[in-house]
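A.B. asks:
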Amino acid sequence: MALQLERASGGRSREGSPWTGLWAVVAKEMADHLTSARMRILEALIVLTAGGTVYAAMRSLRDSVSEDRFLLLKLFTTAYEPLPAFAGFLVPLIAIALAFDAINGEFSRRTMSRILAQPIYRDGLLLGKFLAGLCTLALVLTAIWSLIVGMGIIGLGIPPSGEEVARSLWFLLASIFYGGIWLALAMVFSIVFRQPATAALASIAVWLFFTVFWDILAGLLAQSLRPVRFGFAQEILAQAQLEMALARISPNTLYTEIMLPLLHPTVRSIGLLLPSQLQGAVLGAPLPLRQSLLLIWPQFTGLIAVPILLFALGYVLFQRQEIRA
Amino acid sequence: MSELVIETQALTKRYGQMTAVDGLDLGVHQGEVYGLLGPNGAGKTTTILMLLGLTEPTAGRVRVLGLDPARQPLSVKAKVGYLPERVGFYDELTARENLTYIAKLNGIPREEARRRIDEGFARMGLSEVADRRVATFSRGMRQRLGVADVLLKQPKLIILDEPTQGLDPEGAREFLHIIRSLKSEGITILLSSHLLHQVQAVCDRVGLFHRGRMVLEGTVDELARRALGSSYRIRVQADGAQPVLTEALQRVPGVVNVTPEGSNRYVVEATGDLRAEAAQAVVAAGGRLLALDVEAPSLEDIYTRTLEEVEHGPTA
Chain E
22 MALQLERASG
32 GRSREGSPWT
42 GLWAVVAKEM
52 ADHLTSARMR
62 ILEALIVLTA
72 GGTVYAAMRS
82 LRDSVSEDRF
92 LLLKLFTTAY
102 EPLPAFAGFL
112 VPLIAIALAF
122 DAINGEFSRR
132 TMSRILAQPI
142 YRDGLLLGKF
152 LAGLCTLALV
162 LTAIWSLIVG
172 MGIIGLGIPP
182 SGEEVARSLW
192 FLLASIFYGG
202 IWLALAMVFS
212 IVFRQPATAA
222 LASIAVWLFF
232 TVFWDILAGL
242 LAQSLRPVRF
252 GFAQEILAQA
262 QLEMALARIS
272 PNTLYTEIML
282 PLLHPTVRSI
292 GLLLPSQLQG
302 AVLGAPLPLR
312 QSLLLIWPQF
322 TGLIAVPILL
332 FALGYVLFQR
342 QEIRA
Chain G
92 MSELVIETQA
102 LTKRYGQMTA
112 VDGLDLGVHQ
122 GEVYGLLGPN
132 GAGKTTTILM
142 LLGLTEPTAG
152 RVRVLGLDPA
162 RQPLSVKAKV
172 GYLPERVGFY
182 DELTARENLT
192 YIAKLNGIPR
202 EEARRRIDEG
212 FARMGLSEVA
222 DRRVATFSRG
232 MRQRLGVADV
242 LLKQPKLIIL
252 DEPTQGLDPE
262 GAREFLHIIR
272 SLKSEGITIL
282 LSSHLLHQVQ
292 AVCDRVGLFH
302 RGRMVLEGTV
312 DELARRALGS
322 SYRIRVQADG
332 AQPVLTEALQ
342 RVPGVVNVTP
352 EGSNRYVVEA
362 TGDLRAEAAQ
372 AVVAAGGRLL
382 ALDVEAPSLE
392 DIYTRTLEEV
402 EHGPTA
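Chains E and G, in that order, are what the protein sequence lines are. Residue 22 is where the first sequence starts when you use the numbering used here, and the numbers rise one by one after that. Residue 92 is where the second sequence starts when you use the numbering used here, and the numbers rise one by one after that.
1) Considering G/Phe212, what are the terminal residues of the alpha helix (DSSP H) in which it resides?
2) Between the region 136-149 of chain G and the region 106-125 of chain E, do three or more beta carbon pairs fall short of 8 Å?
3) Tell me which same chain residues have a C-beta within less than 7 Å of the C-beta of G/Val343, skipping the five on either side of it?
4) In or out: G/Phe300 buried (at least 16 other Cβ within 10 Å) or exposed?
5) Within its chain, find whatever has a CB closer than 8 Å to the CB of G/Leu33; leave out the 5 residues flanking it on each side and keep chain order.
6) State the Cα-Cα distance for the pair E/Leu148 and E/Val303, rounded to the nearest angstrom.
7) With 7 Å as the C-beta to C-beta threshold (strictly closer), list the residues of the region 35-53 of chain E near chain G in chain order.
8) Could you check the C-alpha separation between G/Asn189 and G/Leu196 for me, to the nearest Å?
9) Just to confirm the assignment, what range does the beta strand (DSSP E) spanning E/Val288 have?
10) Between G/Ser418 and chain E, is there a C-beta pair that is closer than 9 Å?
11) Note down, in chain order, all residues in the region 254-279 of chain G with a beta-carbon under 8 Å from any beta-carbon belonging to chain E.
12) Kindly indicate the opening and closing residues of the beta strand (DSSP E) around G/Tyr173.
13) Name the residue from E/Tyr142, E/Gly183, E/Ser271 and E/Leu293 whose alpha carbon lies nearest to the alpha carbon of E/Pro39.
14) Using the beta-carbon count (16 or more within 10 Å), is G/Arg207 buried or exposed?
15) Can you confirm whether the region 168-177 of chain G touches the region 237-254 of chain G when touching is taken to mean that 3 or more C-beta pairs between the two stretches lie within less than 8 Å?
16) Could you check if G/Glu203 is buried or exposed, using at least 16 other CB atoms within 10 Å of its CB as the buried criterion?
17) Determine contact between the region 320-333 of chain E and the region 119-135 of chain G, defined as no fewer than three beta-carbon pairs at a distance below 8 Å.
18) Indicate the three-state DSSP secondary structure (helix, strand or coil) for G/His301 in the structure shown.
19) Can you look up E/Leu331 in the DSSP assignment and give me helix, strand or coil?
20) Which of the three DSSP states is assigned to E/Arg90 in this structure?
21) Who are the neighbours of G/Val178 on chain E, taking C-beta pairs under 9 Å?
22) By the criterion of Cβ-Cβ separation under 8 Å, what are the contact partners of G/Thr72 in chain E?
23) Measure from the alpha carbon of E/Lys49 to the alpha carbon of each residue in G/Leu145, G/Tyr192 and G/Lys104, then state which is nearest.
24) Does any residue of chain E have a CB that is nearer than 9 Å to the CB of G/Ile193?
25) In or out: E/Gly305 buried (at least 16 other Cβ within 10 Å) or exposed?
26) Using 10 angstroms around the beta-carbon of G/Pro164, count the other beta-carbons present and answer buried if the total reaches 16, otherwise exposed.
27) What are the partner residues of G/Ser284, as DSSP defines its beta bridges?
28) Classify G/Asp252: buried if its beta carbon has 16 or more other beta carbons within 10 angstroms, exposed otherwise.
29) Between the region 151-159 of chain E and the region 49-67 of chain E, do three or more beta carbon pairs fall short of 8 Å?
30) Take the Cβ of G/His403 as the centre, count every other Cβ of all protein chains shown within 10 Å, and call the residue buried at 16 or more, exposed below.
31) Hey, is E/Ala138's beta-carbon within less than 9 Å of any beta-carbon in chain G?
32) If the cut is a Cβ gap below 8 Å, which residues of chain E does G/Tyr173 touch?
33) Counting only Cβ pairs nearer than 9 Å, list the residues of chain E close to G/Ala169.
34) What is the rounded straight-line gap between the Cα of G/Leu145 and the Cα of G/Ile249?
35) Rounded to whole angstroms, what is the Cα-Cα separation between G/Val225 and E/Leu241?
36) State yes or no: is the C-beta of G/Leu143 within less than 9 Å of the C-beta of G/Tyr173?
Pasting the structure below:
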């Protein structure tokens with residue numbers, strides 16, 4: 022005992038695993054998510070979106086069934102006004118709804134000090150909440166995905182090929198990580214702001230900023246930083262490249278760039294395409310899945326990195342937070 | 092000398108320029124009820140958070156049950172029950188679900204947890220409402236649920252932060268009863284409060300906090316003697332000529348001052364309990380003694396007096 026004490030107080034190490042109690046937190050939080058009124062609303066949205074997407078896609082696809090090899094993928098991409106392709110707006114919305122009151126909610130319910138007085142670390146609590154949110158999000162998105170695929174198969178009457186299923190599964194995975202970004206962001210705001218409403222608003226503001234304004238800003242910035250003075254090809258190229266680099270800061274751009282090659286197998290580049298690179302290419306021929314994945318790999322890495330970075334930021338903020346109410 | 096359950100040496104916590112706890116030396120023995128007393132913002136809650144490892148001390152040493160809360164927080168928190176000020180629960184869950192979550196966080200096996208939870212509910216008189224959502228609970232019920240929650244881990248030490256805050260008098264009395272019954276089981280209890288008569292009713296020893304420092308410590312009686320300089324106030328009610336009786340009372344050895352109040356009442360300040368002597372003096376002086384009463388020094392007086400001294404220097 023004395024020796025143990027000596028060792029523990031001598032080093033800077035903490036006893037035990039930082040993830041003690043993690044699964045208890047995950048189980049409790051997921052149960053909360055799945056039984057909450059918020060979830061009822063999301064479920065209604067799921068059914069509406071899936072139904073709407075399939076219905077809209079079906080109306081136009083029926084005519085061209087024989088001409089397309091990747092019919093299933095078309096279900097995800099064919100959007101009709103006013104319904105956008107489902108993932109773009111629904112994923113961030115669900116993710117933010119799941120996390121905006123994760124931490125500040127515990128403070129406003131005065132449960133934080135009681136929970137942290139149990140033998141767990143803050144690490145376990147924060148990661149538990151994040152994992153629970155991510156699992157719930159994955160569950161919701163998988164439900165939508167299954168609904169769309171299922172209704173699509175029934176409606177179109179054509180079984181999907183293995184390649185199509187694989188591509189749409191990758192798309193599902195990307196959507197989950199895309200959601201993870203907004204989940205982690207909402208969580209960071211739930212640590213920073215004491216009011217859940219403020220955290221929700223801040224998250225939505227960031228989402229709106231990237232959805233609506235960032236592309237415009239990226240264009241403006243590129244124009245002023247790399248102006249086309251003499252009309253050289255290099256100048257135009259430099260400007261376009263900068264604009265693209267800036268645009269890729271936005272998770273929306275990353276996600277779109279992943280979505281394109283996955284769901285449109287004929288897309289063979291997501292950047293600028295110079296004529297020299299097209300030499301010998303059979304235009305309109307679909308790429309195999311491996312090649313499409315290769316194409317989106319950098320974006321995919323970015324998409325996974327952003328939630329991890331945001332979580333790390335939230336972690337640091339939460340560890341330093343005073344827990345007294 | 093029994094074993095020290097809580098021990099701090101020169102414990103200090105600063106928030107920027109503000110010093111919340113300043114060089115605190117605290118020792119709480121096995122099995123005693125210790126009251127942290129002081130106005131809001133005196134550093135009571137900060138001290139408690141440091142004892143639990145929920146806030147890191149700026150300087151100084153803490154030992155709780157022989158462990159360092161900053162380095163071994165899991166062991167400390169597994170053995171120490173903490174009931175925060177105005178404890179909160181998940182309103183949308185039932186009382187049982189709330190406690191089950193805590194049991195899981197403590198790694199208590201399912202069957203054992205179920206048994207302990209039922210036990211706790213029975214003890215706190217909550218069995219009837221165990222499966223009702225906490226949203227419907229009154230303040231007093233929440234507080235009792237909080238105790239059931241704390242008892243779940245069968246703690247050796249229980250820390251209660253302002254436990255009677257916001258309870259009605261009936262609820263507060265009930266709660267003090269609970270504290271006494273916990274003490275009778277040998278559980279050490281540290282409680283913080285600014286409600287003095289309650290602290291006085293249950294605490295073995297009291298530490299008086301002011302601006303992060305402990306300005307006075309001891310049993311309530313000790314504190315009284317130290318703070319009030321053994322001043323007892325004896326109220327005498329007697330018919331008779333006022334100057335004569337005043338004079339007679341004044342002559343009793345040990346009496347410091349006599350103040351007549353109204354036509355037949357006197358307040359006698361003395362260095363001890365001089366009721367018998369005062370009665371004798373009144374009767375001997377030909378007065379008709381109607382009533383006699385001694386005011387025990389209340390913590391309230393001690394508190395006020397000490398805080399005044401700390402603020403303005405010793406009063407004459």
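Built from N, CA and C at the ideal position, the CB exists for glycine as well.
C.D. replies: Looking at the atomic coordinates:
1) Arg201 to Arg214
2) no
3) Leu365, Glu368, Ala369 and Ala372
4) buried
5) The requested residue 33 of chain G is not part of the displayed model; chain G covers only 92 to 407.
6) 48 Å
7) Arg35, Glu36, Gly37, Thr41, Gly42, Ala45 and Lys49
8) 11 Å
9) Here E/Val288 belongs to no beta strand (DSSP E), and DSSP marks it neither H nor E.
10) It is not possible to answer for residue 418 of chain G, since the shown part of chain G is limited to 92 through 407.
11) none
12) Val171 to Leu174
13) E/Tyr142
14) buried
15) yes
16) exposed
17) no
18) strand
19) helix
20) coil
21) Arg131, Thr132, Ser134 and Arg135
22) Look at the range of chain G in this structure, 92 to 407, and you will see that residue 72 of chain G is not part of it.
23) G/Tyr192
24) yes
25) exposed
26) buried
27) G/Leu128
28) buried
29) yes
30) exposed
31) yes
32) Ser134, Arg135 and Ala138
33) Gln139 and Pro140
34) 15 Å
35) 55 Å
36) yes
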